[in-house]
Amino acid sequence: MQKKIKYSIKEILNEIKWTKDINKVQLWYIHRGAINDTRILSGKDIVRIERSSLDTITATIPYHRVFKIVYDGKIVFER
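Letter by letter, the sequence shown follows residues 235 to 313 in this note's numbering.
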């Protein structure tokens, strides 16, 4: 039986940033008050990838609020 390896959101985003195109990322996260409490962030808006959060042009998003990452139309992370 093959064991599935889990990667952190930080590891996934850094891998995309350094080896692929961060602009092809869609990051889905919980945002209280938004429609369905969800917002979708484009990778081009990510300014910095930190230890427990990521910084955008306008806000800091903790990783525990991220529930899906889509890269180039494919889901690469979902919880």
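Cβ coordinates follow ideal geometry from the N, Cα and C atoms, glycine included.
Given the structure is predicted, the values throughout are model-derived calculations rather than measurements.
Open item on the list: Using only CA atoms, which one of D271, N248, K240 lies nearest to W262?
Closed with: Against the sequence shown, residue 262 aligns to sequence position 28. The residue with the shortest Cα to Cα distance from W262 is D271.
Open item on the list: Between which two residues does the beta strand (DSSP E) holding E312 run?
Closed with: For the purposes of this step, residue 312 is taken as the residue at position 78 of the sequence shown. Its beta strand (DSSP E) spans residues 308-312.
Task: Proximal residues to R273 (C-beta, below 7 Å), its chain only, five neighbours per side dropped - done: Here residue 273 refers to the residue found at position 39 when the sequence shown is read from its first residue. Contacts found: Y263, H265.
- [ ] Have a look at T253, G277, R299, E245 and flag the residue whose alpha-carbon is nearest the alpha-carbon of I291.
- [x] The count along the sequence shown starts at 1 and reaches residue 291 at position 57. Ranking T253, G277, R299, E245 by CA distance to the CA of I291 puts G277 first.
Task: Contacts around I283, its chain only, beta-carbon distance under 7 Å, and the 5 residues preceding and following it disregarded - done: Residue 283 sits at position 49 when you count from the first residue of the sequence shown. Taking I283 as the centre and dropping the five residues before and after it, the same chain places the C-beta of K244, L247, N248, K251 closer than 7 Å to its C-beta, in chain order.
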